[in-house]
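Respectively, the protein sequence lines represent chains A and B. Start counting at 1 in the first sequence, then tack on 3, and there's your number in my numbering. Start counting at 1 in the second sequence, then tack on 18, and there's your number in my numbering. A quick write-up on the structure given underneath.
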Amino acid sequence: MKKKNLLQRAIIIAVVTLLGIYIVIGPRRKPRLSDFTWSGIKTTLASNIRLGLDLKGGSHLVMRVRTDEFLKKLTEGNALAIQTAARDAGYPPKDVKVEATSGNYRMILEAVDPSKFGEIEEAVKKKVDLTDWTSSTSGNTNTWTLTPTAQRALAEQATEQAKRIIESRLDAVGVAEPLVQRHGALSSHQILVQMPGIQDPERVKDLLKATSRLDLVHVVSPASPAPVQTYATKEEAEASLGGTVPNNRKTLEYAERTEPTTAGQPAAATDKGKQWVVVEWPAVVDGSELRNASATQAQGGASDYQIAFSFKPSGAEKFGAWTGANINQYMGVVLNDEVKSIAYIKSQIFDQGEISGRFTKESADDLALTLRSGALPAPIEYQEERTVGPSLGADSIRAGVRASVFGLLFVVVFMLFYYRGSGVNAVVALLLNMILMLAALIVFGATLTLPGIAGMILTIGMAVDSNVLIFERIREELLTGKTIPSAVEQGFQRAIVTIIDTHVTTIISSLFLFVFGTGPLRGFAVTLVLGLVINLFSAVYVSRTIFMWQLSRKRRLESLSI
Amino acid sequence: MIQVFKSINFDWLGRRRLFIGISVFLMLAGLGSAMFRQWKNPDGAFNLGVDFKGGTVVTTKFNQPTTAEAIRETLARQGLADATIQGVTDRADTFLIKLPLERTGGEQSQEVELGRKKVRDALNTIGPEREAYEILGTEAVGAVAGAQLRNKAIAVTLAALVGMLVYIAFRFEWTYGAAAVIAVFHDVLVTLGFFSIFQWEVSLTVIAALLTLVGASVNDTIVVFDRVRENRRLHRRDSLYKITNDSINQTLSRTVITQGLIILSVLAMVIFGGDVLRNFSLALLIGTIVGTYSSVAVASPIMVWWEQRIEAAKKADALGAAPLTARSTRAGSSKAKAEPLSARAEKHPRGAV
């Protein structure tokens, strides 16, 4: 019965070992003979193990979506709509104020006649969707407050939308195998972007962050042929509106013929030609109606580029209706709150337009790309950037491997010296542990990071501990005068209680690291947990089988090399 | 068979005053250093890395031989006076250029993006990128992310400790769990103390090392406690004091071998692991040494003391205070040498309640 048991154990171990070795060094396709030469093994090994960015090089970005800005914009937009709706219904309000601090978004309508609140609310409800807002009245004011549930839901939507836009921008700019995922707690609205192989993330960072926003607006000015009305300073422009800017007007900078701009960044302010204009707000059509945008060469200079755009049917309809009704009026093309060009409307236009402004090829490409991928719902800000060049990564691999090899060497030499024959037993278990750990990393698709290597080195320590615990226990049992088989039996039985307790406590703490930890801590926890679980197999099961085999070879064993 | 210890019979618990004294001294030294540095500079208690403090580190390789001083001057000329330059010990041509977060207003997020650009602009005055120098890597962390990472690291460590406490309480007694956790807490404090005294940089990987040592130190304690549990079943007549001493002695060769091997392989990491792993391995090295010491010198005395107080309290409840005084004098005189802890506990039963 013992013999059969031993055979069964030997088969299990052989299968697991061979499988482990093949997973580590075997290719993921039909193997060829050349795969088993030294260089062949090296290349398959490199393709099998997924290295983290800190080892293979690349850029890791964590950004936060400013959902507070998003909610603020939403509140402001709604306030404007409420004012318009109330006015259109014949109850022009005294004032509509907006309160937007983080966690608190309100619109406060001050009415001329508080007794008409019911009518105002009715009229507003028809025009503006206020399902997410709670309404309350006190004195001559009516306040709409955005509910916390809606705040959370809207912020979440904005983050998801930003994530999709970032994905499409990364795709458009041609970053290979990017990873885009949510980061941290859900309420932190963070997005993690990993870009393997990117050494200089500056351009991509600017591109992802760009809020490129296109608006086509009606410029307040006497109609053509009179020249367009511009002002030398912002103050002058405001003065033309009587000092305060009403909700439906905006003063904007007009920088005709600016220097080439890069996406998302305002042009370097050149004093020459910097003017201000007053425009009607909201815009006639905005970037959300865009169907396409692309960089084209300007007709004049060969080095100048412009951006040609076209609208979706709904936008084209709006644009066509407005241009038809406003022949000879001035229209402004506004990019990121800066008027790029102003032209008078010669005839009705439906769906075509262009932004000129002396762009370089690259900046025009980037701008067109950000316009195409849609506007980010809210600005994003970078919170973390980690970029590792390939040479630095290779250095880390070398250092990590060197440290592991030296550590392993120490351990092997000591075990063989101290435990003699049984030391071999421990060394076999240790090597098997390393192989199976790599195999497990590959099977689970985990990435090996620098802290991961540290976790592996620690696993070596824990694996040795298990063997030492067992061997010391066997020695103790032998000293009390037990026969060899029963000393081995007892040694394992007693030591295993301790081994399980020590392993479970370490696994518990590693699980906390894995679940709640961030990037580097996680990589560490993954290898440690895998290593410890495997260790229960290699140090206990395998080591024990080798002892059983040794004992079974002779009927009566006189001495045990331990 | 080679043996570290043939047969050892050392009274570990008898030296508890000395051990606790050493531990208290080490903890006070670290705490003193942290407080003194904090007093001198509000952020000075620890040399926090960018992970926790925020800021930018640009790893730069120079193709012409240069010195930290020369780089500092170049950067200072370009308005980056607050940059710190740190050489990489295993590569003479590579330097870490560290920029702190700018503390003007709420615009910290800008800083995360611009650190690399600023350094590059300043270095371009030496010569063009790739020819004169090469940026090998950047790490930039904003203040918000830094605080987040710091809070998370502390929370995860505490959560892991509670998790272990619960597990040990479930497998042993809750006093064992508490003793193990106190010992681990001690290890973390002492290790952090070293980091404050020598101003080694505390980065995210150092936290990983601290967590590892939390695991490893509890391991070591469990090995002793496990033996105590076993011996208590086998030798019901012996006092806990004697059993604990015996258990420490029985597991001593394992402790020395395992911990010695771990210390050796961690030492290999300190020596051969390069700069990237240095602080991680330093934390592990000190933590392992302290952890080995604490499972014998801190966890066991606390556990014995605690158990004895509970025991004494139970006896006091059962017998009342008066007869116990007479009994304990006798016990105290006959067993005073072997069981000083228990004798003391029985002499002052009121203190136990």
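Beta carbons are placed, not taken as given, at the ideal position from N, Cα and C, and that holds for glycine. The model shown is predicted, which means the values in this text are computed figures rather than measured ones.
Item                                                                                                                                                                                     : Value
Can you check whether the CB of A/ASP369 is closer than 9 Å to the CB of A/ASP203?                                                                                                       : no
Among A/LYS321, A/SER297 and A/VAL342, whose alpha-carbon lies nearest the alpha-carbon of A/LEU374?                                                                                     : A/SER297
Are the C-beta atoms of B/GLN268 and some chain A residue less than 9 Å apart?                                                                                                           : yes
Based on the DSSP secondary-structure assignment, which residues constitute the bridge partners of A/VAL65?                                                                              : A/LEU195 and A/GLU387
Could you check whether A/SER425 and A/PHE550 sit closer than 9 Å to each other, using their CB atoms as the reference points?                                                           : yes
Would you mind working out which of A/PRO316, A/LEU481 and A/GLU341 sits nearest A/TRP279, comparing C-alpha positions?                                                                  : A/GLU341
Compare the C-alpha of B/ILE240 against each of B/ALA334, B/GLN21, B/THR223 and B/THR193 and name the closest.                                                                           : B/THR193
Which class does A/ASP218 belong to by DSSP, given the choice of helix, strand or coil?                                                                                                  : strand
Do three or more CB pairs link the region 225 to 239 of chain B to the region 173 to 180 of chain B at distances below 8 Å?                                                              : yes
Only counting the same chain, and skipping five residues up and downstream in sequence, which positions put a Cβ closer than 8 Å to that of A/GLU79?                                     : VAL101 and ALA103
Going residue by residue through the region 174 to 223 of chain B, where are the continuous alpha helix (DSSP H) segments of at least 4 residues, counting only ones entirely within it? : 192 to 215
Return the residues of the region 130 to 164 of chain B that lie within a Cβ-Cβ distance of less than 8 Å from chain A, sorted by chain order.                                           : VAL130, GLU131, ARG134, LYS135, GLU152, ILE153, LEU154, GLY155, THR156, GLU157, ALA158, VAL159, GLY160, VAL162 and ALA163
Under DSSP, the alpha helix (DSSP H) around A/PHE515 begins and ends at which residues?                                                                                                  : 487 to 519
Would you tell me roughly how many angstroms separate the C-alpha atoms of B/TRP323 and B/GLU329, rounded to the nearest one?                                                            : 10 Å
Assuming contact is defined by CB atoms lying nearer than 9 Å, are B/ILE266 and A/VAL471 in contact in what I supplied?                                                                  : no
Kindly provide the ranges of any beta strand (DSSP E) runs that are 3 or more residues long and lie completely inside the region 28 to 92 of chain A, ordered along the chain.           : 61 to 68
In the DSSP output, what is A/HIS186 paired with across the bridge?                                                                                                                      : A/GLN193
What's the gap between the Cα of B/MET182 and the Cα of A/ILE503?                                                                                                                        : 13 Å
Tell me whether B/PHE28 sits in a helix, a strand or coil according to DSSP, three-state version.                                                                                        : coil
Counting only beta-carbon separations shorter than 9 Å, does A/THR70 have a partner in chain B?                                                                                          : no
Run down chain A in chain order and give the residues with a C-beta less than 9 Å from the C-beta of B/TYR185.                                                                           : ASP504, VAL507, THR508 and ILE511
Buried or exposed: B/ASP238, going by 16 or more other Cβ atoms within 10 Å of its Cβ?                                                                                                   : buried
Using a threshold of 9 Å, state whether the C-beta atoms of A/VAL248 and A/GLY335 are closer than that.                                                                                  : no
Return the chain-ordered list of same chain residues with a C-beta closer than 6 Å to the C-beta of A/GLN184, the five sequence neighbours on each side being excluded.                  : LEU195
Is B/PHE28 buried or exposed, if buried means 16 or more other CB atoms sit within 10 Å of its CB?                                                                                       : exposed
Once DSSP output is grouped into helix, strand and coil, what is the label at A/PHE420?                                                                                                  : helix
Which complete alpha helix (DSSP H) runs does the region 429 to 496 of chain A hold, if anything under 4 residues is left out?                                                           : 453 to 482
Quick one: measure Cβ to Cβ for A/GLY396 and A/LYS45, integer angstroms, because I've assumed they're closer than 8 Å.                                                                   : In fact, because the Cβ distance is near 17 Å, the residues do not count as touching under 8 Å.
Starting from the beta carbon of A/LEU2, find every residue of chain B whose beta carbon is closer than 9 Å, and list them in chain order.                                               : What the structure shows of chain A is the stretch from 4 to 565, and residue 2 of chain A is not part of that stretch, so it cannot be assessed.
Tell me the rounded alpha-carbon separation between A/ASP468 and A/THR450.                                                                                                               : 26 Å
Exposed or buried, what is B/THR85 when buried is set at 16 or more other beta-carbons lying within 10 Å of its beta-carbon?                                                             : exposed
Measure the Cβ-Cβ separation of A/TYR347 and A/SER227 and say whether it is below 9 Å.                                                                                                   : yes
Compare the Cα-Cα distances from A/VAL99 to each of A/ILE123, A/SER105 and A/ILE28 and report the closest residue.                                                                       : A/ILE123
Give the secondary structure of A/ARG547 by DSSP, where H, G and I count as helix, E and B as strand, and everything else as coil.                                                       : helix
Any C-beta of chain B within less than 9 Å: which residues of the region 401 to 418 of chain A qualify?                                                                                  : ARG401, ALA402, GLY403, ARG405, ALA406, SER407, VAL408, PHE409, GLY410, LEU411, LEU412, PHE413, VAL414, PHE417 and MET418
Using only alpha-carbon positions, find the residue among A/LEU535, A/LEU563 and A/GLY121 that is nearest to A/PRO488.                                                                   : A/LEU563
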